[in-house]
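According to the numbering used here, the sequence shown is numbered sequentially starting from 11. First the structure, in the form of structure tokens, and then the observations on it.
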Amino acid sequence: MKLSPPASGWTAETRRFIEAGGNTTHAFGLGRMIGRVFALLYLSPRPVALEDIATRLQVSKASVSIVVRQLLGFQAVRHMGFQGDRRDFYEAETDFLHILRRGIMPGLRKKLQSAGLQIDRTLFAGEAVREAPSSSPEMTAAELAEIHSRLRKAQLLHRRLDRLLGSRLLARFL
């Protein structure tokens with residue numbers, strides 16, 4: 011016969027889960043709060059009011075509001091409303107493939123596209139400098155050639171990543 015853990019054990023484990031969520035997102039450069047809020051909502055059986063999230067995590071309502079907007083952008087949470095209650099409630103999206111497909115991948119592709127445009131612009135400007143080296147006296151021709159080579163490699167990697175992220179195979183996998 012399987013016994014359920016005592017409530018205090020559950021409380022301790024949920025705290026550890028929430029902190030682990032924060033540590034994970036922090037490791038990916040997103041900040042601890044985004045992982046903590048998502049983990050709290052993920053373990054909540056029903057939608058949670060914004061101020062209740064702040065209270066449970068012992069942080070300001072303003073910081074939770076900012077994080078929830080980020081999570082909405084990733085489609086990792088859903089905004090819920092209840093008739094007769096003016097508060098904002100949120101629940102976690104539990105389908106991680108949905109979050110990846112609809113939230114993270116489009117944002118990643120958009121950022122990648124922006125980076126690609128900047129690489130192209132910088133290469134174009136570099137061509138003008140290479141043709142008239144006197145317009146950039148702080149760099150030698152060899153240094154300009156090295157920078158040009160780096161940018162070409164970045165452009166090649168960008169194109170490969172863009173093709174990979176837009177591939178039908180990846181779309182089928184996700």
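From the three backbone atoms N, C-alpha and C, an ideal C-beta is built for every residue, glycine too.
What are the residues that DSSP puts in a beta bridge with F92?
Paired residues: D95.
At what residues does the alpha helix (DSSP H) containing F134 begin and finish?
Per DSSP, F134 belongs to the alpha helix (DSSP H) from 115–141.
Kindly confirm or deny that the region 118–127 and the region 77–87 touch, where touching means at least three C-beta pairs closer than 8 Å.
No: fewer than three Cβ pairs fall under 8 Å.
Within its chain, find whatever has a CB closer than 6 Å to the CB of T165; leave out the 5 residues flanking it on each side and keep chain order.
Reading off the sequence, residue 165 comes out as Gln, not Thr. Counting only Cβ-Cβ distances below 6 Å, and skipping sequence neighbours, we find I129.
Between M115 and E101, is the Cβ-Cβ spacing less than 7 Å?
No, they are not a contact pair.
Interface flag, K121 vs chain C, CB-CB below 7 Å:
You won't find chain C in this structure, because it holds only one protein chain.
Per DSSP, the bridge partner or partners of V87
Looking at the DSSP output, V87 shares a beta bridge with A102.
Does the Cβ of T180 have 16 or more other Cβ atoms within 10 Å, making it buried, or fewer, making it exposed?
A small fix is needed here, since residue 180 is Leu in this sequence, not Thr. Exposed, since its Cβ has fewer than 16 Cβ neighbours within 10 Å.
Spatial distance of R140 from T132 (CA atoms):
About 12 Å.
Are the beta-carbon atoms of A59 and F99 separated by less than 7 Å?
Cβ atoms of A59 and F99: closer than 7 Å.
Going by the CB atoms, is the gap between A125 and E103 shorter than 7 Å?
The answer is no: Cβ separation not under 7 Å.
Could you name the residues of the same chain whose beta carbon sits closer than 8 Å to that of F84, not counting the 5 residues immediately before and after it, in chain order?
Excluding sequence positions up to five before and after F84, its CB lies within less than 8 Å of the CB of I109, G113, I114, G117, all in the same chain and listed in chain order.
R46, buried or exposed, once every other Cβ within 10 Å from all chains shown has been counted against 16:
The residue in question, R46, is buried, as its Cβ has 16 or more Cβ neighbours within 10 Å.
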